[in-house]
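Heads up: the sequence shown at position 41 corresponds to 41 in full-length UniProt numbering, and the numbers run straight through without jumps. Cβ atoms here follow ideal geometry from the backbone N, Cα and C, with glycine treated the same way. Remember, it's a predicted structure, so these values are computed and weren't measured experimentally.
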Amino acid sequence: MEPGTWLLSAAAVLLVLLLAWTTFTLTRLRRLAGRVRRAREVLDAALLRRAELTAALARERTDDLGADLAGDLADAAAGARAPSAGDREAAENHLGRLLRRVPDPVLSPELGDAGMRVALARRFYNDAVRDTHALRRGRLSRVLRLHAGRPLPRYFDIDDGLDAVLAGSPHAGGPRPRG
Numbered sequence: 001m002e003p004g005t006w007l008l009s010a011a012a013v014l015l016v017l018l019l020a021w022t023t024f025t026l027t028r029l030r031r032l033a034g035r036v037r038r039a040r041e042v043l044d045a046a047l048l049r050r051a052e053l054t055a056a057l058a059r060e061r062t063d064d065l066g067a068d069l070a071g072d073l074a075d076a077a078a079g080a081r082a083p084s085a086g087d088r089e090a091a092e093n094h095l096g097r098l099l100r101r102v103p104d105p106v107l108s109p110e111l112g113d114a115g116m117r118v119a120l121a122r123r124f125y126n127d128a129v130r131d132t133h134a135l136r137r138g139r140l141s142r143v144l145r146l147h148a149g150r151p152l153p154r155y156f157d158i159d160d161g162l163d164a165v166l167a168g169s170p171h172a173g174g175p176r177p178r179g
């Protein structure tokens, strides 16, 4: 074979490898976008459940909580269900801070479970976002502008006791993490 044939063959092999990698990466990006979307839906459902349980706690245990804390909890739960300024993270952080003020005997096990589910859902969502960011920020992905027209998903950062979940605390992720 002549050197030109070798060079043409090598270029063809490189082109096929680049096309295979591009196809694989686009498929992976599409799957990650679906994973982010599904994880966000689960996170939203977990946050809504925690807000509903908090509102119920404020309604049903007003005597045990005190009028001020019960009113604050009811307002925070309403704000978390429909944030006024559109800042869901701030509303959820406010709700979490108020839940930490609730005495242990007043907390329901369902509310603790809802807090754990929020922490886990947030972790899964942020893991999917991290994987998407890592794949889209790769050198070839940027050069080939794969998914360049789609916005990068945002992390969802709230103080929900996730560190306690990772450490294996018995109150992990619930409204009771104390640090």
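Going by other Cβ atoms of all chains shown within 10 Å of its Cβ, with 16 needed for buried, is Tyr125 buried or exposed?
-> Counted from its first residue, the sequence shown places residue 125 at position 125. Taking all protein chains shown into account, Tyr125 has 16 or more neighbouring C-beta atoms within 10 Å of its C-beta and is therefore buried.
Taking the Cβ atom as the reference point for each residue, do Leu53 and Ala119 lie within a distance shorter than 8 Å?
-> In the sequence shown, the residue the question calls residue 53 occupies position 53. In the sequence shown, the residue the question calls residue 119 occupies position 119. No. Outside cutoff.
What span of residues does the alpha helix (DSSP H) with Leu53 cover, start to end?
-> Taking the first residue of the sequence shown as 1, we reach residue 53 at position 53. Start and end: Pro3 to Glu60.
For the alpha helix (DSSP H) that contains Val102, what are its first and last residues?
-> Walking along the sequence shown from the start, residue 102 turns up at place 102. Run containing Val102: none; DSSP gives neither H nor E here.
Would you give the residue range spanned by the alpha helix (DSSP H) that Ala80 belongs to?
-> Your numbering for residue 80 matches position 80 in the sequence shown. Element bounds for Ala80: Ala67 to Arg81.
Where does His94 fall in DSSP's three states?
-> In the sequence shown, the residue the question calls residue 94 occupies position 94. In the structure shown, His94 sits in a helix (DSSP, three-state: H, G or I).
Would Ala51 pass as a contact of Leu14 if the rule is Cβ separation under 8 Å?
-> For the purposes of this step, residue 51 is taken as the residue at position 51 of the sequence shown. For the purposes of this step, residue 14 is taken as the residue at position 14 of the sequence shown. Inclusion of Ala51 and Leu14 in the CB contact set at 8 Å is not warranted, their separation being larger than that value.
Under the three-state reduction of DSSP, which class applies to Gly138: helix, strand or coil?
-> Translated into the one-based positions of the sequence shown, residue 138 becomes position 138. Three-state DSSP puts Gly138 in coil, outside helix and strand.
If you count every other CB in all the chains shown that lies within 10 Å of the CB of Arg136, and 16 or more means buried, which is it?
-> For the purposes of this step, residue 136 is taken as residue 136 along the sequence shown, with counting starting at 1. Buried, by the Cβ-count rule.
List the whole-angstrom C-beta distance separating His147 from Leu29, where the pair is believed to meet the contact cut-off of C-beta under 8 Å.
-> Position 147 of the sequence shown, counting from 1, holds the residue named residue 147. Position 29 of the sequence shown, counting from 1, holds the residue named residue 29. Rounded, the Cβ-Cβ distance is 5 Å, consistent with contact.
Reduced DSSP secondary structure (H/G/I, E/B, other) of Pro151 | Translated into positions along the sequence shown, residue 151 becomes position 151. Coil at Pro151, not helix or strand.
Report yes or no: do three or more beta-carbon pairs, one from the segment 65-76 and one from the segment 100-113, lie closer than 8 Å?
-> In short, these stretches touch, since the Cβ pair count reaches three.
With 16 other Cβ atoms within 10 Å as the buried cut-off, status of Arg61 = Locating residue 61 in the sequence shown gives position 61, counting from the first residue. Buried: at least 16 other Cβ atoms inside 10 Å.
Would you please state the rounded distance, in angstroms, between the beta carbons of Phe24 and Glu89? I believe it to be under 8 Å.
-> For the purposes of this step, residue 24 is identified with residue 24 of the sequence shown, where counting begins at 1. For the purposes of this step, residue 89 is identified with residue 89 of the sequence shown, where counting begins at 1. Actually they are not in contact, since the Cβ atoms of Phe24 and Glu89 sit about 34 Å apart, beyond 8 Å.
Select from Val42, Asp159 and Pro3 the residue whose C-alpha is nearest the C-alpha of Asn93.
-> The residue you call residue 93 lines up with position 93 of the sequence shown. If we check each option's Cα against that of Asn93, Asp159 comes out closest.
Indicate the three-state DSSP secondary structure (helix, strand or coil) for Asp157 in the structure shown.
-> Taking the sequence shown and counting its residues from 1, one reaches residue 157 at position 157. Three-state DSSP puts Asp157 in coil, outside helix and strand.
Sub-8 Å separation of Leu26 and Asp131 beta-carbons = What you label residue 26 is simply residue 26 of the sequence shown in a count that begins at 1. What you label residue 131 is simply residue 131 of the sequence shown in a count that begins at 1. Their beta carbons are not under 8 Å apart, which means Leu26 does not touch Asp131 by this criterion.
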